[in-house]
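These notes concern the structure reproduced below.
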Amino acid sequence: MSLWDRASLAGHITLAESSSQLIADISPHNSQLGALESSISADISGEGLVEKRGEGKLTLSGNLTNTQGVIVKEGAIKLDGHLSTDMVMESGTVLSGSGTVNSLTMYDVATLSPSEQGQQASQLRIGQLQLIKGGNAILHSGFTQATTDRILIDGDLVTAADKPLNVTVNPLGTWQDSDTNQNGAADNQEGLSLVQVGGQSTADSVKLAGSYIARGAFAYGLYAFAPGHSSSDERKVTGNGNQYWDYRLQNIMLDANGISTPVEPTPEPTPEPTPEPTPQPTPEPTPQPTPEPTPEPAPEPTPEPAPSPDPVPAPVPEPTPAPQPEPVRRAVTPQVPAYLSLPAMMLNFNRTLTGLIADTVNDNHSHFFISGYDGGDHFHAKGGFSDYGYNFTSKYQGWLMGGRWLSDPDSPQRISASIVAHRGNLSMKPQAVDGLSRSYFSTQGITGLTRWQNEQGWQLTTQLGYTRIKGAVTTDLRGNVASPHATLLHAGVELGKAWQWENQRLMPLLAVEYQHLSIKKFTDSDGAKVCYAPHNAPDIQPTLRYQWKVNTDSVPKLAFTHELGWRITTRKNAQTTIRGGGDKTTFNSGRGGDHLLVKSGADLKLTQHVTLTTQAQYQQRLQREGTNDWAVTGGVKITF
Numbered sequence: 001m002s003l004w005d006r007a008s009l010a011g012h013i014t015l016a017e018s019s020s021q022l023i024a025d026i027s028p029h030n031s032q033l034g035a036l037e038s039s040i041s042a043d044i045s046g047e048g049l050v051e052k053r054g055e056g057k058l059t060l061s062g063n064l065t066n067t068q069g070v071i072v073k074e075g076a077i078k079l080d081g082h083l084s085t086d087m088v089m090e091s092g093t094v095l096s097g098s099g100t101v102n103s104l105t106m107y108d109v110a111t112l113s114p115s116e117q118g119q120q121a122s123q124l125r126i127g128q129l130q131l132i133k134g135g136n137a138i139l140h141s142g143f144t145q146a147t148t149d150r151i152l153i154d155g156d157l158v159t160a161a162d163k164p165l166n167v168t169v170n171p172l173g174t175w176q177d178s179d180t181n182q183n184g185a186a187d188n189q190e191g192l193s194l195v196q197v198g199g200q201s202t203a204d205s206v207k208l209a210g211s212y213i214a215r216g217a218f219a220y221g222l223y224a225f226a227p228g229h230s231s232s233d234e235r236k237v238t239g240n241g242n243q244y245w246d247y248r249l250q251n252i253m254l255d256a257n258g259i260s261t262p263v264e265p266t267p268e269p270t271p272e273p274t275p276e277p278t279p280q281p282t283p284e285p286t287p288q289p290t291p292e293p294t295p296e297p298a299p300e301p302t303p304e305p306a307p308s309p310d311p312v313p314a315p316v317p318e319p320t321p322a323p324q325p326e327p328v329r330r331a332v333t334p335q336v337p338a339y340l341s342l343p344a345m346m347l348n349f350n351r352t353l354t355g356l357i358a359d360t361v362n363d364n365h366s367h368f369f370i371s372g373y374d375g376g377d378h379f380h381a382k383g384g385f386s387d388y389g390y391n392f393t394s395k396y397q398g399w400l401m402g403g404r405w406l407s408d409p410d411s412p413q414r415i416s417a418s419i420v421a422h423r424g425n426l427s428m429k430p431q432a433v434d435g436l437s438r439s440y441f442s443t444q445g446i447t448g449l450t451r452w453q454n455e456q457g458w459q460l461t462t463q464l465g466y467t468r469i470k471g472a473v474t475t476d477l478r479g480n481v482a483s484p485h486a487t488l489l490h491a492g493v494e495l496g497k498a499w500q501w502e503n504q505r506l507m508p509l510l511a512v513e514y515q516h517l518s519i520k521k522f523t524d525s526d527g528a529k530v531c532y533a534p535h536n537a538p539d540i541q542p543t544l545r546y547q548w549k550v551n552t553d554s555v556p557k558l559a560f561t562h563e564l565g566w567r568i569t570t571r572k573n574a575q576t577t578i579r580g581g582g583d584k585t586t587f588n589s590g591r592g593g594d595h596l597l598v599k600s601g602a603d604l605k606l607t608q609h610v611t612l613t614t615q616a617q618y619q620q621r622l623q624r625e626g627t628n629d630w631a632v633t634g635g636v637k638i639t640f
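All residue numbers for the sequence shown refer to the UniProt record's numbering, where the first residue is 1 and numbers rise by one.
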């Protein structure tokens, strides 16, 4: 018997012989009207086989008791009835519906999907499930049990250790924090039950595809509650009690060591049978002891002097208090630590870069220069683990190229103008137990400087710069997840007074700097919408600069420059907001902290017009929050 597309079959069908077959070929034939699907509402019995072919969908809503069961070779099948025999799903096929099947065997890439997008949640019940090469399940969830698809396996889930049932959850509606009692534990009644197994299974037999589900900033994972640890009140597979497997979707909970199950759920006590009393054995008669002879009374001893009092006993130490449990919080997705670290990384990089640029134009001649730079940061966040504070390391390298034009050097008041272009690379790696993430950026920009000097040694410098940063954030689990773009504006003014004697020069300076960071909002691959408040970063920096030129009348000539500075940060905490799935969370991105800055450089003048330059600098944070930074530059300067 055959059934084609866009057809239905009702009544009762008996496949009398073992060679009898009902072939449902749901492929395009003559008609092109309507969806490519057919339905069988008839009850099917007998010895034969039902075989599903074609890429269309077949709906079974009757009772099927035929001995050879159903084989699904292609396409999709929706089971709304009851199949008391076996079903085999070959590679690439899909089973949906709210029916029951006695035994199901799935080959590679076969999929269970109880409900279709836009439909009510469904519950698919299976007697025993065997996965030949693993399998897939697609479930829809509105983060209530009534709006969440579920797979119930009354018997065993049979699969290889490395071939689990991979569950993909399509989130709908608004999700909430599943830790309803706020105890920091994954409890056996919290979250959503996605898969239950009444028979044999393992913790690794069901896995979440992609390792986590993202809703806004936070990550949800799958917790496997073993028999004895699951809740009898949550049981939906056949039977009673808590002796079943329950795979539940909940917030991933972490402590500072990255442990996702910091508190093991308390298992429900298994009632023990009341033991029958053991009869007491008849006691043996106890032999009577032979009476000891009565001792003669001892003579009274001569009174001794009163004994000295015993020494005071040493105090017993108080018992050591039990260690406090590690703080526990909701895990964020692996990329969130990178998102929260971007402002501090970009601001410190640009601050260091503008300082290097200013140092390259400290000369009394017009010149052209080109130099390279290399450096790295170690940032320490103010907030701790519970506050989502993340330390990070970053590296940067690139080149600077520009020139300086000086007015008449013999004039009592001299004015110079400089313009510098820069281009480089910037990378960053947060230290986070939430997951591994990295970011990679390209940087480019331009800076202009003007300087006024007079014969009394006064000096006034202004600086204005623009930097553009473009790149990507990656994670080990998702690859490239976002492509942030940012722009930085920098403005500064510095006033100093120099005192010079012979070949030495001492100059105290006071600088006021301002940075404005704007990071464009973006949506990452997990659907999180990331928005940064504008970051305004004013700094004050007093500095003491010392220069010494080695006395030589001819080239080569050598000059040294040393600086000691104190960078005072006055900006406030800026905020980063992450939205998604109805969740909105705002995090603080830090303010930077105060720093001590040390620089040392040398210029080697090879000829009248060619000078080699080099400089090293180190920045040390002075507060809990801040950046330890190092940088080196080296290049060539050509005067004219």
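We put the beta carbon where it would ideally sit given N, CA and C, even for glycine.
Which term fits residue i, buried or exposed, when burial requires 16 or more other beta carbons within 10 angstroms of its beta carbon?
i: Pro262; result: Note on Pro262: pLDDT 40, under 50, position unreliable in the model; no value is reported.
i: Ile13; result: buried
i: Thr607; result: exposed
i: Asn551; result: exposed
i: Ala186; result: buried
i: Ile568; result: exposed
i: Leu33; result: exposed
i: Met346; result: buried
i: Ile44; result: buried
i: Glu455; result: exposed
i: Trp458; result: exposed
i: Trp405; result: exposed
i: Arg621; result: buried
i: Met89; result: buried
Using only alpha-carbon positions, find the residue among the options that is nearest to residue i.
i: Ala344; options: Ala537, Gly496, Arg215 and Lys497; result: Ala537
i: Gly372; options: Gly155, Val632, Leu79 and Gly97; result: Val632
i: Thr111; options: Leu139, Gln250, Asn102 and Ser232; result: Leu139
i: Trp399; options: Arg414, Tyr440, Ile446 and Asn183; result: Ile446
i: Gly581; options: Ala217, Glu494 and Tyr390; result: Ala217
i: Asn183; options: Glu326, Ser98, Gln119 and Thr202; result: Glu326
In its own chain, which residues sit with a C-beta less than 8 Å from the C-beta of residue i, not counting the 5 before and 5 after it?
i: Pro534; result: His516, Leu517, Ser518 and Ala574
i: Asn66; result: Leu15, Ile44, Ser45, Gly46, Glu47, Gly48, Leu49, Val50 and Thr85
i: Pro267; result: Low per-residue confidence applies at Pro267: pLDDT is 46, beneath 50, and the placement is therefore not dependable enough to give any value.
Can you give me the Cβ contacts of residue i inside the same chain, cut-off strictly under 6 Å, excluding the 5 residues immediately before and after it?
i: Cys531; result: Lys521 and Thr577
i: Ala331; result: Ala219, Ile252, Leu254 and Asp434
i: Leu356; result: Tyr373 and Thr633
i: Thr639; result: His365, His367 and His609
i: Leu464; result: Gly448 and Ala491
i: Gly142; result: Leu172 and Gly173
Looking at the structure shown, is residue i part of a helix, part of a strand, or coil, going by DSSP?
i: Leu33; result: coil
i: Gly384; result: coil
i: Tyr339; result: helix
i: Phe640; result: coil
i: Ala358; result: helix
i: Asn348; result: helix
i: Leu353; result: helix
i: Asp233; result: helix
i: Thr147; result: helix
i: Thr569; result: strand
i: Pro265; result: Note on Pro265: pLDDT 47, under 50, position unreliable in the model; no value is reported.
i: Lys73; result: coil
i: Arg621; result: strand
i: Tyr212; result: coil
i: Tyr532; result: strand
i: Ser2; result: strand
i: Gln456; result: coil
i: Arg478; result: coil
Might you give, ordered along the chain, the residues of its own chain that have their beta carbon closer than 7 Å to the beta carbon of residue i, omitting 5 neighbours on each side?
i: Lys572; result: Arg591
i: Ser20; result: Gly46, Glu47 and Gly48
i: Arg624; result: His380 and Lys382
query = Taking three-plus beta-carbon pairs below 8 Å as touching, is the stretch 332-339 in contact with the stretch 370-381?
reply = no
Stretch pair the stretch 233-243 + the stretch 352-367: three plus CB contacts closer than 8 Å = no
query = Counting pairs of Cβ atoms below 8 Å between the stretch 541-559 and the stretch 494-512, do you hit three or more?
reply = yes
query = Any contact of the stretch 493-506 with the stretch 474-481, i.e. 3+ C-beta pairs under 8 Å?
reply = no
key: Stretch pair the stretch 106-123 + the stretch 86-98: three plus CB contacts closer than 8 Å   = yes
message = Three or more C-beta pairs under 8 Å: does that hold for the stretch 202-210 against the stretch 172-182?
response = no
ask   = Do the stretch 54-64 and the stretch 74-91 make contact, defined as three or more Cβ pairs closer than 8 Å?
value = yes
request  = Count the CB pairs spanning the stretch 192-204 and the stretch 590-601 that are closer than 8 Å, and state whether there are at least three.
outcome  = no
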